[in-house]
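What the sequence shown shows, in mature numbering (1 follows the signal peptide of the UniProt record, and there is no 0), is residues -23 to -1, 1 to 681, in sequence order.
Every residue, glycine too, gets a C-beta built ideally from N, C-alpha and C.
Computed from a prediction, not measured in an experiment: that's the story for all the values here.
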Amino acid sequence: MIRKTTLLIVLSAALLAPMTVAAAPGAAATQTKTTASRQNFAMSISSITPEVPRSPTDVITFKGVVRNDTGVQQNNVYVRLRYGQQPFTDRVTMAAYAADQNPATLAPQISSNSAVIIPSLAPGATQTWEFTRTPAQLGLRTFGVYPIAVDVAPNNVPFQAQRTYLTYAPPTVPKLPRNRLAIALPVIDQPHRATDDALFVDDKLSQSITGKGRLADLAAIAQVAPKTVTWFFEPSLLDDLTAMTKPYRVKTKDETQDKPANPAAGQWLTSMRTSLAASPVVAVPYADPDVAALAHQGLDTQTDRAIQLGGQTTRALLNRNAKTTINWPAAGVLDADALDLLSVSRDKVNTVLLNATNLPPQPAVTHTPDAAATIDSVNGPMTALVADAELSRLFEPAAPTSLTLSKQRFVAETAMIAGEAGQTSPRSLVIAPSRRWDPNPKLVTALMKTARGLPWLQLTPLESLKPTKASVPRAGLTYTEQNRKDELGRKYLEPVKDAWSKAQLTAQITETKTQSSFDAAVLRLTSSGWRNSTRAGRAVTKLVADAVDERTDKIQIIGSGPDRPRALAGSDGVVPISVKNSLGAAILLYIDVKSNNRDRLQVHFPQEEPMRIGEGQSGTVQVPMTAAVSGDATVTVQLRTSDGQPYGKPQQLTIRTTGYTGIALVIVGAALTVMLAAVVTRVLRRRSERKLARAAKGRESGNA
């Protein structure tokens, strides 16, 4: 019996030894991972109330659950409340505490009555626990953020822990500055159509707007969000959903499927219009173009057009007060070239929302810098708003996390900012999760509700944040080589540029000089959404390019081709050239005709006025030509816009010359000579006949 007991003790010590022996950080991490894979407990803190105790006698209730995942029954399991009586000094040490997984660095204090003992816990079984303490009992005396943890300790040996924070704000604390907090939430997607018809390249939106879909979650957040939250909407998404309110088609690899009108699309749009009627809305440039890539690849005009079209679309389909003066670039980063493109737009972009890495303080500061700064562009100074990385991450955690821990961290972070040394006036803070985020509605809603109740925060619209005396000097825009590699590249954008140029030509030759009907379609091809899926983007580009070519071909030179020669009757004459207009609008164009062999054929056609061709009609011009010799020659016919740009492909016409005019004169002259000779002969013959008749008549009279 003694031998068995000794053996159990030795085995238990062997199992627990790796968790109690101090080791280097790398070794500790390896040991923890190995142990966790072999046996573990699941510890969770489900609630801490109140979130911010305000009095030494406030009763703080900690609740949670522990689960035995070790695979064997565990006896004499301690659940212990651990706490520290010294507040954190800064946000850096707070982050280090959260990332630390070493049980030896847990909050040190464990009072004798701060433990729940579970006599027996079967494999897979759970046990709830609860602690109640006051700040006075925890030894909290001053305003600050304190470490709190709950750990599982079989036989009182630390095994698994859950770390969090407790913010204490007693009434004796000096009045804290109320920092202005702006929350920016993006509703940005990837394009789902190629052209502006009802043909979709996928049917992902139908899943996203229902159930637990990403867009459905965003609509749920919008219904309860404070009216100070600023919403960034991508307009082509609104266009796509509007198209889905009617029957549409989805192109698959091998076929096209017909889809009925989707009622959920209309419901989503209506919900957003209603929820955000009184909220600040910003229209992202149409299709969310990769502005940096456009600046670097010579597609400068697209940015301005995207801003204009984005504002028009968002105001028409969502919120008539939507603004375009704030820009949130792809990944929250841009360089000076992209900034200049935005600054010279006709809608006058004056504010950019950036990632913290794109505009760091210079020199570096130990406190949280004010979000607002001034940066210089080619068009003058602009406002830059820099999002706080940690606060933004809390709205979009990399891994699932509990609402309680997220709220406690949010309270702690904002309290630490408010209490930082040297702050004499309120600062600006910005929360901006990644632009194509997949939000957790419960988490986001809970954090916004918490923010509204904190005395050191004041929620405000993003547009109200401006540089003040609290702003810190910032380095210039930091745009790394990796940022450049992340852009849409030249190889991707060259076909896009070609499609854009052709589409603009069609717009230029229409009599009304309207915008190209392919503006929206080509802008979709420039979307930053294709950065990580260029193959799909190229497929959509081909669809748009084919549609542009098809529209271009609606204006055709009639009867072109080597097997259909035109005749030039003589060495000098005219050849008719006709153009058919099937575009659906009246057009004005020039016809440029050039001889391909000038020593055989000369063309004399200085067209001074454009030719007008009505919708569904044909127009013809008479082109003067001179042939030096008979036979076939070719001319090149090119349609051109008013500013001389070629429209469509040049066409070759064969001109067949006969030299007929000179031969005809000889033949006509000879014919006239023969005819005159015949007439003279006939006149002389008749006169001779009359003389003979008179002579015969005279003889007859004499005989009588």
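Review point. DSSP on Gln629, reduced to helix/strand/coil?
Key: strand
Point to revise | 4 or more residues per run - each alpha helix (DSSP H) lying fully within the stretch 467 to 532 | key: 467 to 486, 496 to 502, 511 to 529
Exercise for review: Under 6 angstroms Cβ to Cβ from residue 689, same chain only, skipping five residues before and after it: list those, please.
Suggested key: Look at the range of the chain in this structure, -23 to 681, and you will see that residue 689 is not part of it.
Point to revise | the stretch 282 to 291 contacting the stretch 222 to 240, beta-carbon criterion three pairs below 8 angstroms | key: The count of Cβ pairs closer than 8 angstroms, one atom from the stretch 282 to 291 and one from the stretch 222 to 240, stays below three, leaving the stretches out of contact.
Review point. From residue 715 to Ile486, what distance separates their C-alpha atoms?
Key: The chain is shown from -23 up to 681; residue 715 falls before or after that span and cannot be answered.
Exercise for review: Please classify Ser574: is it buried, with 16 or more other beta-carbons within 10 angstroms of its beta-carbon, or exposed?
Suggested key: The question names Ser, but residue 574 in the sequence shown is Asn. Classification for Asn574: exposed.
Review point. Is it the case that the Cβ atoms of Val258 and Asn296 are separated by a distance below 9 angstroms?
Key: yes
**Study point:** Own chain partners of Gln137 with C-beta closer than 7 angstroms, once the 5 adjacent residues on each side are dropped
**Key:** Asn17, Phe18, Met20, Asp128, Val129
Review point. Which one or two residues does DSSP pair with Gln139 in a beta bridge?
Key: Val127
Check your understanding: Skipping 5 residues on each side, what residues in its chain have a beta carbon closer than 8 angstroms to that of Ile87?
Key -> Excluding residues within five positions, the ones whose Cβ falls inside 8 angstroms are Arg57, Leu58, Arg59.
Check your understanding: How big is the Cα-Cα spacing for Arg44 and Gly101?
Key -> Taking the straight line from one Cα to the other gives about 6 angstroms.
Check your understanding: What are the start and end residues of each continuous beta strand (DSSP E) run of 3 or more residues lying completely inside the stretch 70 to 103, in chain order?
Key -> 92 to 98
Practice item. Could you tell me the boundaries of the beta strand (DSSP E) in which Gly430 lies? Key: Neither: Gly430 is in no beta strand (DSSP E) and is coded neither H nor E.
Review point. Rounded to a whole number of angstroms, what is the C-alpha to C-alpha distance between Asp217 and Gly190?
Key: Asp217 and Gly190 have their alpha carbons spaced roughly 16 angstroms apart.
Practice item. Could you name the residues that DSSP lists as bridge partners for Ala544? Key: Arg633
Review point. Do Ser213 and Leu482 come within 9 angstroms of each other at the CB atom, strictly closer than that value?
Key: The criterion of a C-beta distance shorter than 9 angstroms is not satisfied by Leu482 and Ser213.
**Study point:** Contiguous beta strand (DSSP E) assignments of at least 3 residues, all confined to the stretch 137 to 208
**Key:** The qualifying runs are 137 to 145, 156 to 164.
Check your understanding: Taking just the CA atoms, how far does Val134 sit from Ala6?
Key -> With a pLDDT of 39 at Ala6, under the threshold of 50, the modelled position of that residue is not reliable, and the figure given next carries that caveat. Roughly 18 angstroms separates the two Cα atoms.
Exercise for review: Tell me whether Trp106 sits in a helix, a strand or coil according to DSSP, three-state version.
Suggested key: strand
Review point. Taking the alpha carbon of Gln167 as the point to measure from, which residue in Ile532, Arg508, Pro583, Val525 has its own alpha carbon closest?
Key: Arg508
Point to revise | Expected contact under 8 angstroms - CB spacing of Pro64 and Gly121 to nearest Å | key: 3 angstroms
Review point. Alpha carbon to alpha carbon, what distance is there between Ala476 and Val521?
Key: 7 angstroms
Exercise for review: Give every residue of the same chain whose Cβ lies closer than 6 angstroms to the Cβ of residue 707, excluding the five residues on either side of it in the sequence, and list them in chain order.
Suggested key: Outside the displayed range of the chain (-23 to 681) lies residue 707, so it cannot be described from this structure.
Check your understanding: From Pro553, Ser510, Gln114, Trp106, pick the residue whose C-alpha is nearest to that of Pro466; which is it?
Key -> Checking the sequence shown, residue 466 turns out to be Gly, not Pro. Of the candidates Pro553, Ser510, Gln114, Trp106, the one whose C-alpha sits nearest the C-alpha of Gly466 is Ser510.
Point to revise | Classification of Val49 by the beta-carbon crowding that lies within 10 angstroms, buried from 16 upward | key: exposed
Review point. Should Asn558 be labelled buried (16 or more other beta-carbon atoms within 10 Å of its own) or exposed?
Key: Asn558 comes out buried.
**Study point:** Residues that DSSP places opposite Ile284 in a beta bridge
**Key:** Among the bridge pairs identified by DSSP, Ile284 is matched with none.
Point to revise | Start-to-end residues for the alpha helix (DSSP H) that takes in Ala214 | key: First, the amino acid is wrong: residue 214 is Leu here, not Ala. Where Leu214 is concerned, the enclosing alpha helix (DSSP H) stretches over 212 to 220.
Check your understanding: Secondary structure at Lys384, three-state DSSP: helix, strand or coil?
Key -> helix
Point to revise | Simplified DSSP state of Arg461, which is helix, strand or coil | key: helix
**Study point:** C-alpha gap between Ile25 and Ile37, whole angstroms
**Key:** 7 angstroms
Practice item. Have a look at Ala389 and Val29 and give me their C-alpha separation to the nearest angstrom. Key: 9 angstroms
Review point. Helix, strand or coil for Asp569 per DSSP?
Key: strand
Practice item. Identify whether Ala315 lies in helix, strand or coil by the three-state DSSP scheme. Key: Residue state, collapsed to three classes: helix.
Practice item. Apply the 10 Å Cβ neighbour rule to Lys571 and answer buried if 16 or more other Cβ atoms are within range, or exposed otherwise. Key: exposed
Review point. Buried or exposed: where does Gln339 fall if 16 or more other Cβ atoms within 10 Å of its Cβ makes it buried?
Key: exposed
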